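> The structure that follows is given in the form of structure tokens.
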Amino acid sequence: MKFQVKEKKIYIETYGCQMNIADSEIVASIMNAAGYSVTGNISESDLVLINTCSIRENAEQKIWNRLKSLKALKKRNPDLMIGVIGCMAERLKETLLESNLPVDLVAGPDSYRTLPELTFHAERGQNRINTILSEDETYADIEPVRLDSNGVSAFITIMRGCNNMCSYCVVPFVRGIERSRDPESIVKEAEQLFSKGYREVTLIGQNVNSYYWEDGNSVVKFPQILERVALINPLLRVRFSTSHPKDLSDELLNTMAAHKNICKHIHLPVQSGSTRILKLMNRQYTRDWYMERLATIRRIIPECSISTDIIAGFCTETEEDHRETLSLMEWAEFDFAYMFKYNERPGTRAARNLKDDVPEEIKLKRLNEIISLQNRLSAKSKKADIGKIYEILVEGTSKRSPEYLSGRNSQNKVVVFPSGNIQKGEYVNVLIEKSTSATLIGKVI
Ligand code: SF4
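In this note's numbering, the protein residues as written are 706 to 1150.
Structure below.
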């Protein structure tokens, strides 16, 4: 390989979403092939790659602060190469190189194959940026190197990019257009993981429901690829994230209901309960459509848990719009939610066409109302689990105490229980005895 190195070490630091966690494993594999071994100790590394997120301003601020903190390390070891990769690299490009911070190379999410070459040139102070977005790159042929893995569950990226153009979102600008990965390579990766002892895979993409692969003879859509992975082995649990309400089909729900090992949890971002706001967000569904989808999920898979994303204080949001979000939450009784206040992102449709006119203190007040309502709903959802028996896939020792093990039920809820002589990767039946706001506690039966 042209840009091969000997005995060099790479340290990868990952920020942001599941896609970035999976991308860092692709990067580790590409750099391994170029001769770099992954180290968990930054001070012994020759190359540091920071895999960044751009979804909100504070995500980027974290990286600017991190780069400032790396100045000392670079001073101690001037030969150390530091690279910024991922969504912030794609969004800011040369700005990162022109900053007076220790940045030697910049690579966007579709240019990781060129990292060995970029590093080679950066070491010689030459061309050190590649932020070209691709229409077909899926890294399908690259076997990820699992980082920080518990050896039980792993992410499999089945598609990249997003075509939805939600007006507040930077993703389409930093990750490009949607492209789905060859189904054979997805099934092969899942089979390899199962043979290595993994017992759970999560199929990920910005919007997995619009997975679409066509090769002239056949068409493979999301329900089909999900089923093919589930049919690998009944002991392999299958999860997926993230779904988009406009693409959530009855066919998908029937496929989930037909396979015990497809986990009964759907993450279905709603963002707002007001159809007027959903229109301004370009979410392409209405409040009624979303509620109809939830009702259909609960009809076809009654035991399915549902989590969501909510944005408070989007452009022009009135108190009445906010009340609609609260009333939808009351009706939906989400099991869990990620909740944020609107943060205008440069270059997005909203930033170009809409005024960020909801005062900060109103955004905060509404966000706090949404959070306290969701805390009540989450606690209610967990209380309802007391007395039930769930099959748990053991993921490892519980963070709360070494005498306890932890795992998740099919509904993606964390369950802890006394360890006994149970090993991670095993399935156990646990009777739920009590609950806290975050966890279910039980005993193996
Ligand atoms: S679906 Fe919308 S919010 Fe999600 S990544 Fe795509 S553009 Fe962003």
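By construction, the Cβ of each residue, glycine as well, lies at the ideal position given by its N, Cα and C atoms.
From a predicted model like this one, the values you see are computed outputs, not experimental measurements.
Taking residue 889 as the reference, give the member of 1130, 932 and 826 with the closest Cα.
Among 1130, 932 and 826, the Cα nearest to that of residue 889 is on 932.
> Mind checking residue 816: buried by the 16 CB within 10 Å criterion, or exposed?
Buried is the call here.
> Considering only residues of the same chain and omitting the five flanking positions on each side of residue 1046, which have a CB-CB separation below 6 Å?
Counting only Cβ-Cβ distances below 6 Å, and skipping sequence neighbours, we find 1017, 1018, 1068 and 1072.
> Whole angstroms are fine: how far does the CA of residue 972 sit from the CA of residue 1043?
Going from the Cα of residue 1043 to the Cα of residue 972 covers about 10 Å.
> Where do the N-terminal and C-terminal ends of the alpha helix (DSSP H) with residue 1026 fall, by residue?
Start and end: 1024-1037.
> With H, G and I counted as helix, E and B as strand and the rest as coil, what does DSSP make of residue 845?
Coil at residue 845, not helix or strand.
> Which two residues bound the contiguous beta strand (DSSP E) that contains residue 786?
Counting along the chain, the beta strand (DSSP E) containing residue 786 begins and ends at 786-791.
> Answer with buried or exposed for residue 1092, where buried requires no fewer than 16 other C-beta atoms within 10 angstroms of its C-beta.
Answer is exposed; the Cβ neighbour count stays below 16.
> With residue 1121 and residue 1105 assumed to form a contact (beta carbons below 8 Å), what rounded beta-carbon distance in angstroms separates them?
With a Cβ gap of about 6 Å, residue 1121 and residue 1105 count as contacting.
> Name the residue from 1063, 790, 747 and 1088 whose alpha carbon lies nearest to the alpha carbon of residue 775.
Closest option to residue 775, Cα to Cα, is 747.
> By a C-beta neighbour count over all protein chains shown, 10 Å radius and 16 as the cutoff for buried, is residue 765 buried or exposed?
Residue 765 comes out buried.
> Contact between the segment 931-945 and the segment 977-987 is defined here as three or more beta-carbon pairs at a separation below 8 Å; is this criterion met?
No: the two stretches stay apart, fewer than three of their Cβ pairs being nearer than 8 Å.
> Tell me whether residue 876, by its Cβ, gets closer than 7 Å to a heavy atom of the ligand SF4.
Yes, since a heavy atom of the ligand SF4 falls inside the 7 Å radius drawn around the Cβ of residue 876.
> Taking the beta carbon of residue 1079 as the centre, do at least 16 other beta carbons fall within 10 Å, making it buried, or is it exposed?
The residue in question, residue 1079, is buried, as its Cβ has 16 or more Cβ neighbours within 10 Å.
> Would you report the Cα separation of residue 1003 and residue 854, rounded to the nearest angstrom?
Computed Cα separation, rounded: 33 Å.
> Go to residue 730, then tell me how far its alpha helix (DSSP H) extends in each direction, as first and last residue.
Segment 723-738, the alpha helix (DSSP H) holding residue 730.
> Please state whether the Cβ-Cβ distance between residue 728 and residue 814 is less than 8 Å.
In contact: residue 728 and residue 814 (Cβ atoms closer than 8 Å).
> From the DSSP output, which residues share a beta bridge with residue 1045?
Answer is 1016, bridged to residue 1045.
> Could you give the DSSP three-state label for residue 961: helix, strand or coil?
Residue state, collapsed to three classes: helix.
> Indicate the three-state DSSP secondary structure (helix, strand or coil) for residue 1123 in the structure shown.
Residue state, collapsed to three classes: strand.
> How far does the beta strand (DSSP E) with residue 719 in it extend, from its first residue to its last?
Residues 713-719.
> Indicate the three-state DSSP secondary structure (helix, strand or coil) for residue 900 in the structure shown.
Helix.
> Specify whether the segment 827-837 and the segment 851-869 touch according to this definition: at least 3 beta carbon pairs, one from each stretch, less than 8 Å apart.
Contact fails: fewer than three Cβ-Cβ distances are below 8 Å.
> Give me the Cα-Cα distance between residue 951 and residue 989, rounded to the nearest whole angstrom.
Approximately 7 Å, taken between the alpha carbons.
> On a CA-only basis, which of 883, 858 and 735 is nearest residue 904? Give me that one, please.
For residue 904, the nearest C-alpha among the options comes from 858.
> Within a Cβ cutoff of 7 Å, which residues of the same chain sit near residue 1147, ignoring the five residues on either side of it in sequence?
Closer than 7 Å at Cβ, skipping near neighbours: 1120, 1122, 1135, 1136, 1137 and 1138.
> Which runs of the alpha helix (DSSP H), 4 residues or longer, sit entirely within the segment 770-839?
Segments of the alpha helix (DSSP H) lying fully in the segment 770-839: 776-781, 792-797, 799-803 and 820-828.
> Which first and last residues belong to the alpha helix (DSSP H) in which residue 992 is found?
It spans 992-1005 - the alpha helix (DSSP H) in which residue 992 sits, taken as one unbroken run.
> Is it the case that the Cβ atoms of residue 812 and residue 787 are separated by a distance below 8 Å?
Not a contact, by the Cβ cut-off of 8 Å.
> Determine the direct distance from the alpha carbon of residue 804 to that of residue 1060, and round the result to whole angstroms.
Approximately 29 Å between the Cα atoms of the pair.
> Could you check if residue 1052 is buried or exposed, using at least 16 other CB atoms within 10 Å of its CB as the buried criterion?
It counts as exposed.
> Cα separation between residue 901 and residue 968?
Cα to Cα, the separation comes out at about 21 Å.
> Kindly examine the ligand SF4 and report whether one of its heavy atoms sits closer than 7 Å to the Cβ of residue 871.
Yes, the beta carbon of residue 871 sits closer than 7 Å to at least one heavy atom of the ligand SF4.
> Going by the C-beta, is residue 792 closer than 7 Å to any heavy atom of the ligand SF4?
Residue 792 Cβ: outside cutoff for every heavy atom of the ligand SF4.
> Would you check whether the ligand SF4 has a heavy atom nearer than 7 Å to the C-beta of residue 949?
The answer is yes for residue 949.
> Take the Cβ of residue 1022 as the centre, count every other Cβ of all protein chains shown within 10 Å, and call the residue buried at 16 or more, exposed below.
Result: buried.
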